[in-house]
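Here's the structure we're looking at; comments come further down.
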Amino acid sequence: MSHTWTDPLPDPDRHAEFYADVPLKRGLAWVIDMVLIALLTALIVPFTAFTALFYLPFLFLCVGFAYRTVSLARSSATPGMRLMAIRLRTHEGRPFGLPEAFLHTLGYTVSIGMVLPQIVSVVLMLTTARAQGLTDLVLGSVAINRAAGE
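Right, here's the structure in full:
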């Protein structure tokens, strides 16, 4: 049975292929994205006359926030997610726009900044039918495997 993006989100029981290996792929995508964000941050440092070294964690956070928001708004996936062939979708099954990208990035940033929400998020990704993290559950969004031709 084919799935179109005008339908609601794929049912995890009838369309399990959309959610297969998503937690693992999200983890690998996260590693790829962290490396890319670190490289972008390192490229910016010389343009600040190296003063950014004094506030490097804050710069990293800002670069990461912009990186995630822009890439999610443009293609509903970060470069790491695209490499892993997964995409984020709204509760209606649509690709993310700027508001959803901003809210998802804000939720991610808040949860990654504290140990308990991050642990809860990972446990939820591993145990919920749609492999949703904490921010996904709050927003109703999901990460799914990219459909052929998408």
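Under UniProt numbering, the residues of the sequence shown are numbered 1 to 150, in order.
In this text, a Cβ means the ideal position worked out from N, Cα and C, and glycines have one as well.
Straight through space, the alpha carbons of P8 and R89 are spaced by roughly 10 Å. With fewer than 16 other Cβ atoms from the protein chains shown falling within 10 Å of its own Cβ, A20 counts as exposed. For L72, there is no enclosing beta strand (DSSP E); the residue is found in the alpha helix (DSSP H) stretching over 56-75.
In the displayed model, L88 falls within a strand according to three-state DSSP. Contact annotation: V22 and A101 have beta-carbon atoms that are not nearer than 8 Å.
The beta carbon of L126 sits closer than 7 Å to the beta carbons of P23 from its chain, once the five residues preceding and following it are set aside; these are given in chain order. Under the three-state reduction of DSSP output, A143 falls in the strand class. By the neighbour-count criterion, in which 16 or more other beta carbons inside 10 Å mark a residue as buried, R26 falls on the buried side. Rounded to the nearest angstrom, the Cβ distance from I37 to F60 is 7 Å, consistent with a contact under 8 Å.
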